[in-house]
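One point on numbering: in the numbering used here, the residue at position 71 of the sequence shown is 69, and numbering is uninterrupted. To start, the structure under review is shown below, and the notes come after it.
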Amino acid sequence: MQSADENGTAPQQRSQPTAAGPAASTPSPSTAGWPVAAIAGVGVLAGAGIVVFLMARAPEAAMGRTDASAAPPAPSTAPSTSPAPVEAASTPKWVGGVVNAGTRYREVVYELPAENDISTWARRVRPVLTVRCANGAGEVFVLTESAAAMEGDDGRHTVQVAYDGAAGHAEHWVASDDYAGLFAPDAVATARRIAQARTLRFGFTPYNGSPVVADFDVRGFDRVLDGLARSCRWKP
């Protein structure tokens, strides 16, 4: 313990000096600025390199723009050499051939369904155009599956016939015994006319009904006419 002074007060403690730590080193101006200068130098060099690269690419880009903006070549005035369109061959829709071959009832029959149905008194049906040769006799008829409107006592009925879109003309066809079909009056002439055509339009009036029209795509009949004519012994 420290003794008190004459006045009885305790002596004040003297503050001990605090040792100063090492002062932070301050870089000199010459050493503090060198990183900045180095970075700036690198930036200048990089910028110069980019400029040189762009200058080198400029002619190529200009050439590309010139090519892209060039006017299209003038159309050729030479005549086209592409072939003219050719209509595709239609597959014949006729079905049939020789029936009962090797017997006394041998027939040659070809049938062609109409392209559309028609309305009869009782129901809707699809007529069938038929060319047949039996016992040396030829027949051309339309299976109507309906009796035709009554016109007289001779069994003949007025029909309208048109080929290849031409205007129709009236003919008188004969009803079958069961009234389910109408027969052409001249089978040979009708068959040969069908062989020359592409389409046939056949119109008649069903019993107790309104006039109807059936369309037939008769293409391909010319391919079978010769064989049918020989079977029927038709004269040339």
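Idealized CB from N, CA, C, for every residue including glycine.
- For residue 177, the closest of 153, 198, 200, 169 by C-alpha to C-alpha distance is 153.
- Under DSSP, residue 96 takes part in a beta bridge, and its partners are 106.
- Under DSSP, residue 132 forms a beta bridge with 105, 135.
- Per DSSP, reduced to three states, the secondary structure at residue 126 is strand.
- Scanning the region 143 to 217 for uninterrupted beta strand (DSSP E) segments of 3 residues or longer gives 154 to 161, 167 to 173, 179 to 181, 197 to 202, 210 to 215, listed from N- to C-terminal end.
- Counting only residues of its own chain and dropping the five nearest sequence neighbours on each side, residue 229 has a CB closer than 7 Å to the CB of 106, 131.
- Inter-residue distance for residue 91 and residue 151 is about 36 Å (C-alpha atoms, whole angstroms).
- Residue 221: member of the alpha helix (DSSP H) spanning 220 to 230, first to last residue.
- Judged by DSSP in its simplified three-state form, residue 90 adopts coil rather than helix or strand.
- Nearest to residue 165 by C-alpha distance, out of 146, 142, 205, 199, is 199.
- The beta carbons of residue 214 and residue 110 sit closer together than 7 Å.
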